[in-house]
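Residue -7 is where the sequence shown starts when you use my numbering, and the numbers rise one by one after that.
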Amino acid sequence: MTPSPKTLPYFDLILEGRTQGDPAAEALSRYVHWGYWEDPARAGGAEGLQAAMDRLNALVLDAAELADGQSLLDAGCGFGATLGSVDAARTGMKLTGLNIDPRQLAVAREKVKPRSGNTLEFVEGDACALPFPDASFDRVTAVECIFHFPSRLAFIKEAARVLKPGGVLSLSDFVPEDPNAPPSWLGKWLGAQVEKGYGHLGDGWPEGDYAKMAAKAGLTVASDRDITANTLPTYPILLGLLAGSSGPKVRALRWGTRLLDWSSRLGWVRYKVVSFLKPHSK
């Protein structure tokens, strides 16, 4: 299996821009994922992006069916905002964030501190080879990051391993709607172009759907929600934020964003929130 990449081009830009007052970096200094709008036609501009990101984050956490007193692993934790939101809302939580990029973890440790009654730890590691014992967590989340992992299936199997019986994995992901649309040659070209701005996109979609992956990992799909239409305002907002920046990485990110926007509006890529249940032991 190809090792997970430690750095991603857009995170390079965000980390560089944090100290320079870059508007795109400022907008992505908490959450680094798409937003969710109940009414996309009334999305407005960049001023509503943080609230939209909060809503998308909440959808993934709602799918995880969190309760006080649980242990939670957030894989691909970014700057720690997802765990910060759980810490603010729940008590008696054992919270763990995992990321392969030590720079992101340094920011997370600086920005997110646990409330009294909760514990919080940030761990450097590979999501496809989780450095935790079997049955360590009640819940596992992965907000808009699984497509960067070397293999979706490998991560889901690892999540299943570290989940306790009855545990839940919830995630958000860009999902190819139909492996035959676009044509394979065009799909490969689109993927290569998006990778220039967003970084490694893993092994694609070889299993074909999440139900097959869940079965191979010993899980069942508990929910599968398509929210593509509710995320589409992210694209013009992000492109507007990037308009004031320059350089080869920014140009690659703008181009990749346009292609992903185009693919989503054509129905080739869907944005989904999916949850999986680990059965109780018999």
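We put the CB at the ideal spot given by N, CA and C, even for glycine. Quick caveat, the model's predicted, so the values are computed rather than measured.
According to DSSP, residue pairing for A134 in a beta bridge involves L163. Apart from sequence neighbours up to five positions away, the residues of its chain that approach P106 with a beta-carbon distance below 6 angstroms are D79, L112, ordered along the chain. About 6 angstroms separates the beta carbons of G89 and A100, which is inside the 8 angstroms limit, making them a contact pair. Sixteen is the threshold: since fewer than 16 other Cβ atoms of the shown chains lie within 10 Å of the Cβ of W254, the residue is exposed. The beta-carbon separation of V266 and L163, rounded to 6 angstroms, stays under the 8 angstroms limit for a contact. In terms of Cα proximity to S256, the closest of A203, S237, V186 is V186.
G89 is bridged by DSSP to D66, F114. At a Cβ-Cβ threshold of 8 angstroms, P125 and V115 do not count as neighbours. At the C-beta level, Y190 and L48 stay beyond 8 angstroms of one another. One Cα belongs to L231, the other to L182, and the distance between them is close to 18 angstroms. Judged by their CB atoms, L234 and R246 are nearer to each other than the 8 angstroms cut-off. Residue ranges of uninterrupted beta strand (DSSP E) with 3 or more members, entirely inside the segment 211 to 238 and ordered along the chain, are 212 to 218. Rounded to the nearest angstrom, the Cβ distance from S273 to P157 is 5 angstroms, consistent with a contact under 8 angstroms. Just measuring C-alpha positions, the residue of I92, D54, M45 sitting nearest A73 is M45.
The Cβ-Cβ distance between P94 and L224 does not fall below 8 angstroms.
The alpha-carbon separation between A203 and G9 amounts to approximately 39 angstroms. Between I229 and L41 the beta-carbon gap is near 5 angstroms, inside 8 angstroms, which marks them as a contact. Between I148 and L211 a beta carbon distance of about 7 angstroms is seen, short of the 8 angstroms cut, so the two are scored as contacting.
Between the alpha carbons of A152 and L20 lies a distance of about 30 angstroms.
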